[in-house]
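Heads up: the sequence shown begins at 0 in numbering that gives the first Met the number 0, then just goes up one per residue.
Right, one structure below, let's go through it.
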Amino acid sequence: MVIQDVSFVDSPKNSGSIAVGVYAGGQLSASALLLNDKFSGEIEKNIKKIEFSGNLFETTSFISSRDDCGYVIVVGLGESGKSLSNLELQKIGAAIYETAKKLDTEVGVAIDGTDVTAKSSAQLQIAFGALLKSWIFDKYKTEKKDLPILSSIYFLTTDIEECKESFVKYQNIAEAVFLTRTLVLEPANVIYPESLAEIAKEELLPLGGQVEILNKYDMIAQGMNALLGVAQGSANEPKLAILRWDGGTLDEKPIVLVGKGVTFDSGGISLKPGDGMHEMRYDMAGAGTVLGVLKAVALNKLPVNVIGVMALVENMPSGTAQRPGDVVKSMSGQTIEVLNTDAEGRLILADALWYAQDRFSPEYMIDLATLTGAIIVALGHEFAGLFSNDDTLAEQIKKSSEVTGEKVWRMPMTDNFNKGINSTIADMQNIAKPTVRGGSITAAQFLKRFINGVKWAHLDIAGVEVTTDNCDLFLCSEGATGFGVCLLYDFLSNICAK
Ligand code: BES
Ligand code: MG
Ligand code: ZN
């Protein structure tokens, strides 16, 4: 569920609450000054009384003495004269939303252009932040009343029409983020390879996107034995969903996004411990993000050619499951000794990456995968690991990440880690020798062996696909983050701008 009504109006309603901005040191912003006059000085009086700092994102509220206003919500804008980035504006929107939700009040946001950068664009960013923050996953709650959510929020602006028109783009991006968040949180009895591939069709076909689904036999014909080996223990058959948005010109090479879509990762015969195993329904987050990006791109009709490849399998132990020690021949022809069936993400990606570059000759290929627990040891729940064989591509991803706030940290890829996955009986093994640590790097090196001359980046998103206690929760509530959707949308928009 998400906030129902985001609107832009030119004067406050005679009910509900109002939000204004105050700079560091308690200096009132222009709209706060105006309102303060109208409210006989009560804003100034109250922020002085509680010694409100005005630090960025800090909020306070008090009950207004006026009949036409419930609460006045005050949000800190930080140093006056310092212009705020889009991300900061979004976080201000999220902070206002949270405060209003706790107070259970409709709110009009009066942080106008004199306070921040360009007026309508600032309001759009604040509204976008509030919208992203408002999403909660309440589908399976039969009693929704414990879950407070605001039904409406409005923004005061002199550019109503312009705001309305421009906000559609942000609403579309938010919708795509919500799709990804939903897919990640949905349980594995609802999301399995076939159902996720069907959802891709339902989502993209009406928007003019194309979806092609390879089944098990198509994959056998392609020689995708690394992927098939992972899937063979499950009653749910694997699928490879190929999503396509031809927004660019015919001669433009596509950007290919590949997502790890393990709809449930039990570990297989190398079974995971029971504690927390349920969290492995999130192991399709890479594929969920790929679908989210394609949805955003299609909704906003970006003039770029994008292909999404979702590698969809379920990793289960059974009488037909792959055994530790099995050797498989991947589509690339290289052989892999499967020493641990829980290192399955790299096996399915090996074939998906090979297939994608072989068929589509991409300009860039970017994969997203909840690949290793080791990346959480390295970067916590705050950064995704970024690996790449191309500095320019890595820089572009980093730049987008700074714009959207989905943080990435570039990781090294040196040859010693690569040697650590040489096998005694096959071309490689799927886990590194015990003496070679750095599990996220050896996993990335494994993927690199299936990169055939294309510019490639790999995002290890284990740890950032869902929220935890100590993560940067600013733009999402508890549950899934939708990490990567805004980032890759920004990356693709920059490609269009060139
Ligand atoms: N899906 C997991 C990685 C993961 C762990 C994602 C925690 C999110 C949170 C992956 O398939 C896996 O099991 N990796 C193993 C690799 C190991 C066997 C070399 C891991 O990280 O323990
Ligand atoms: Mg695993
Ligand atoms: Zn996994």
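C-beta: ideal position from N, C-alpha, C; glycine also.
Just so you know, these numbers come straight off a predicted model, no measurement behind them.
The ligand MG never approaches residue 429 closely enough for any of its heavy atoms to be under 7 angstroms from the residue's Cβ. Shortest gap from the CB of residue 343 to any heavy atom of the ligand ZN: under 7 angstroms.
CA-to-CA, the gap between residue 397 and residue 376 works out to about 21 angstroms. In the DSSP assignment, residue 328 forms a beta bridge with 334. Counting other Cβ atoms within 10 Å of its Cβ, residue 45 reaches 16 or more and is therefore classed as buried. In the structure shown, residue 264 adopts extended strand secondary structure according to DSSP, grouped into three states. Judged by beta-carbon spacing, residue 321 lies beyond the 8 angstroms limit of residue 246, meaning their Cβ atoms are not closer than that value. With contact defined as three or more Cβ pairs closer than 8 angstroms, the stretch 156-165 and the stretch 201-210 are not in contact. As for any alpha helix (DSSP H) of minimum length 4 sitting wholly inside the stretch 80-126, the runs are 85-102, ordered along the chain. In the displayed model, residue 350 falls within a helix according to three-state DSSP.
When secondary structure is reduced to three states using DSSP, residue 51 falls in the coil class, being assigned neither helix nor strand. Our two residues, residue 373 and residue 441, have alpha carbons roughly 10 angstroms apart in a direct line. Counting C-beta atoms within 10 angstroms of its own C-beta, residue 260 has 16 or more neighbours from the protein chains shown and is therefore classed as buried. For residue 369, the CB falls within less than 7 angstroms of some heavy atom of the ligand BES. In this structure, the CA atom of residue 12 is about 39 angstroms from the CA atom of residue 490. In this structure the stretch 15-33 lies against the stretch 45-55, because at least three pairs of beta carbons, one per stretch, are closer than 8 angstroms.
In the DSSP annotation of this structure, the continuous segment of the beta strand (DSSP E) that includes residue 314 starts and ends at 304-314. Excluding its 5 nearest sequence neighbours in each direction, residue 213 has C-beta neighbours in its own chain below 6 angstroms: 239, listed in chain order. Boundaries of the alpha helix (DSSP H) around residue 444: 438-447. Linking residue 401 to residue 101 through their CA atoms gives a straight-line distance of about 30 angstroms.
Fewer than three beta-carbon pairs drawn from the stretch 324-344 and the stretch 249-257 are found closer than 8 angstroms, and the two stretches are therefore not classed as touching. Distances between the C-beta of residue 198 and the heavy atoms of the ligand BES are all 7 angstroms or more. Under the three-pair Cβ rule at 8 angstroms, the stretch 82-96 counts as touching the stretch 117-132.
Annotation for residue 382: no beta strand (DSSP E) segment contains it, and DSSP assigns it neither H nor E.
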